[in-house]
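Those sequence lines, one after another, are chains A and B. Numbering-wise (this note's numbering), the first sequence opens with residue 1 and increments by one. Numbering-wise (this note's numbering), the second sequence opens with residue 1001 and increments by one. By construction, the Cβ of each residue, glycine as well, lies at the ideal position given by its N, Cα and C atoms. Computed from a predicted structure; not experimentally measured. Contents: one structure, followed by commentary.
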Amino acid sequence: MSTVSSDVCVDIRSVHKFYGDFQVLFDVNLEIAKGEVCVVLGPSGSGKSTLLRCINHLETIAAGRIYVNGDLIGYSERNGKLYCLAEEAIAAQRRNIGMVFQRFNLFGHMTAIQNVMAGPVLVKGHSRRCAELLAMSLLERVGLADRARQYPSQLSGGQQQRVAIARAMAMQPDVLLFDEPTSALDPELVGEVLETMKDLARTGMTMIVVTHEVGFAREVADRVVFMDQGRIVEKGAPESVLDNPRNPRTQAFLSKVL
Amino acid sequence: MHQVHEDQQIELNRPIPVKHYGRWLLTAFLLASAVIVASSLATNPNFHWDVVGEYLFDAQILRGVGWTLALTLVAMIFSILIAAALVIMRDSGNPVLSTLSWLWVWFFRGTPVYTQLVFWGLLSVLYPRISLELPGLGAILDLRTKDVFTPAIAAIAGLAFNESAYLAEIFRAGFKAVDGGQTEAAQALGMRRMKILCRIIIPQAMRMIIPPTGNETIGMLKTTSLVLAVPFAYDLTFAANTISNRLYLPIPLLVVAGLWYLSITSLLMWGQSYLERYFGRGIDRNQISIAPKESA
Ligand SMILES: Nc1ncnc2c1ncn2[C@@H]1O[C@H](COP(=O)(O)OP(=O)(O)OP(=O)(O)O)[C@@H](O)[C@H]1O
Ligand SMILES: [Mg+2]
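Now the structure itself:
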């Protein structure tokens, strides 16, 4: 179906995106390999969230293509023509792409374990018993097995975010997208979430992480991408982008964050 | 630790609570008024309490209670289903369906329920026969409207259609009040629209939808007294009026009807508070009480 080599997980090709007349993304190109952890840095409003949301088609793109495991996202292409996919097909594509939000977005009427079970039970149609075992093992992994029966309103921000990570994991996605997962957290809670994410990275999960945590980028990222005003202005190994930035915008940004 | 306690006796504070003289005064005044009203109720012969007692459980009244309850519940169930369909149509993104939904709400909210009930009652005059003919097959359906659209059905249709327009707006407001992040999280998991609506949005919107819907149900209970317009002649108000016309005693039968409406309302309120507790789970558990805490 496509020409992507088999070790590329997410392939973003010449993506442009507009909100009305306002162009948010300009010719974004990015390839993320299987098992890679890619950290996206950049000032507020540079289009980082928008780029993530395009990957699972929460936003539509105006030009370009996005492939996840060789699957064209949101469209099908036949004889040089682009056709919109039906809702069911888009939903099916999203099942392979996990997402963790800045404001957690846990389902408020479900307990922690019900949140984690939501994907397997409501989307994949797995049995409750089977989903409960999986959910419990995931909650254990994020260190929250003892909070399984509590509602989101009874959990701290850091705990909610770890449940959200477990919920995304429960779908066993090919790639996980994180949109500033620690930005809504009190400083003392940031560590526990980053620890969970490091743990995931070690298991070989493909991750695209938008964050302002430069320390996390340095320690965990295979690659750092710097965005500014809708463009990727610099990408490379963490040491080179973080320690020897060549682009003046990157230099200015890092001098403020560090 | 223990020894410290035994050696140093803690002297507990015994604050004297704020005195609410105003409350006592008001209570005394209200009690006095209640006694006066009660004695006038008991002693005024025009209330005919013996007649109230005689007809409270009269067969015709009980049948009226049954019909009123049945009309209320059945009409509410249908209006809830129609309203849900209207909201889904309205937000479906399909311009034909959303226009239809808008027109329905516009029409049924824009005309009096009494007028609508009269109209449904007259449907069999407007269209004496309902028939469906398919080319080549001939008539596959041919019925007298009167047989299908009985007064009971006309009454339920009239009440339910009118109510659905109001409920649709209540539901829409409730759905909108659920944070958009919930839908996004569900979409990101790969859920489809209808599933997101049924499993994520509606359970959380219920909290906001139930109190006004309870209000509407209690309103419906009393709107059923208008089914006379159809004309439908078995509800509680009609039964009470029939008896009072026969006895020339309107007051005691008004009391009988009023007592029944009050009891049904109380029952409905109890059901509502149960539903509110159920759907508030996960969200209402840390409810803030409005009155400041006071030490007694
Ligand atoms: N729904 C929208 N409609 C119109 N403009 C939008 C919308 N969402 C985002 N934008 C604009 O698009 C630009 C990029 O937004 P985006 O949220 O992707 O930035 P970001 O890099 O994630 O910033 P932050 O670090 O503050 O989260 C911003 O200028 C923003 O104002
Ligand atoms: Mg953002």
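Can you list the alpha helix (DSSP H) stretches of 4 or more residues lying completely in the region 110 to 159 of chain A, in chain order?
112 to 118, 128 to 141
Identify whether A/THR211 lies in helix, strand or coil by the three-state DSSP scheme.
coil
Does the distance from the CB of A/LYS17 to the CB of A/GLU77 come in under 8 Å?
no
Pull out every residue of the region 139 to 153 of chain A whose Cβ sits closer than 8 Å to any Cβ of chain B, in chain order.
TYR151, PRO152, SER153
Within the 8 Å Cβ cut-off, does B/ALA1275 reach chain A?
Per the sequence presented here, residue 1275 of chain B reads as Leu, with Ala not at that position. So, not an interface residue.
Please check if any C-beta of chain C sits within less than 8 Å of the C-beta of A/VAL123.
The chain inventory of the structure shown lacks chain C, comprising the protein chains A and B.
Since A/CYS38 sits in a beta bridge, which residues does DSSP pair it with?
A/ILE208, A/ARG223
Along the chain, where does the alpha helix (DSSP H) that runs through B/LEU1159 open and close?
1151 to 1177
Any C-beta of chain A within less than 8 Å: which residues of the region 1185 to 1208 of chain B qualify?
ALA1185, ALA1186, GLN1187, ALA1188, LEU1189, GLY1190, MET1191, ARG1192, ARG1193, LYS1195, ARG1199, ILE1200, PRO1203, GLN1204
Does any residue of chain B have a CB that is nearer than 8 Å to the CB of A/PHE101?
yes
The region 80 to 98 of chain A: which residues have C-beta closer than 9 Å to a C-beta of chain B, in chain order?
GLU87, GLU88, ILE90, ALA91, ALA92, GLN93, ARG94, ARG95, ASN96, ILE97, GLY98
For B/GLN1204, which option in A/ARG223, A/ALA168, A/GLY108 has the closest C-alpha, if you only look at C-alpha atoms?
A/GLY108
Can you tell me the Cα-Cα spacing of A/ARG129 and A/GLN150, whole angstroms?
19 Å
Taking 8 Å as the threshold (beta carbon to beta carbon), is A/ALA135 in contact with chain B?
no
Under 8 Å Cβ-Cβ, which residues of chain B neighbour A/MET171?
LEU1189, GLY1190
Identify the residues that DSSP records as bridge partners of A/LYS81: which are they?
A/ARG78
Leaving out five residues before and five after A/GLY47 in sequence, what residues of the same chain have Cβ atoms less than 7 Å from its Cβ?
VAL24, LEU25, MET227, GLY230
Assign B/GLN1204 to one of three DSSP states: helix, strand, or coil.
helix
Quick check on DSSP: helix, strand or coil for A/ASP174?
coil
Closer than 8 Å to chain A by CB, B/ARG1090
no
Per DSSP, which residues does B/SER1131 bridge with? Please list them.
B/ASP1142
I'd like to know whether the C-beta of A/ASN105 is nearer than 8 Å to at least one C-beta of chain B.
yes
Environment of B/THR1183 [buried if 16+ CB atoms lie within 10 Å]
buried
Distance cut-off 7 Å: A/VAL24 Cβ against heavy atoms of ligand 1:
yes
Three or more C-beta pairs closer than 8 Å, one from the region 175 to 183 of chain A and one from the region 209 to 229 of chain A: is that the case here?
yes
Is A/LYS48 near ligand 2, going by C-beta to nearest heavy atom under 7 Å?
yes
What is the C-beta distance between B/LEU1159 and B/ALA1075, in whole angstroms, given that I count them as a contact (C-beta under 8 Å)?
4 Å
Measuring only the C-alpha atoms, how far is B/CYS1198 from A/ASN247?
49 Å
Could you compute how far the alpha carbon of A/LYS198 sits from the alpha carbon of A/LEU138?
15 Å
Are the beta-carbon atoms belonging to B/LEU1071 and B/ASP1235 less than 8 Å from one another?
yes
Measure the alpha-carbon distance for B/SER1273 versus A/ILE66 and round it to whole angstroms.
50 Å
Taking DSSP's pairing of strands, which residues face A/GLN161 in a bridge?
According to DSSP, which records beta bridges pairwise, A/GLN161 is partnered with nothing at all.
I'd like to confirm the pairing. Which residues does DSSP put opposite A/GLY98 in its beta bridges?
A/LEU176
Just how far apart, CA to CA, sit B/PRO1135 and B/PRO1250?
58 Å
Considering only residues of the same chain and omitting the five flanking positions on each side of A/SER2, which have a CB-CB separation below 6 Å?
Because the pLDDT at A/SER2 is just 47, under 50, the model does not fix this residue reliably, and the point stays unresolved.
Quick check: the region 152 to 164 of chain A against the region 97 to 115 of chain A, are there 3 or more CB pairs under 8 Å?
yes
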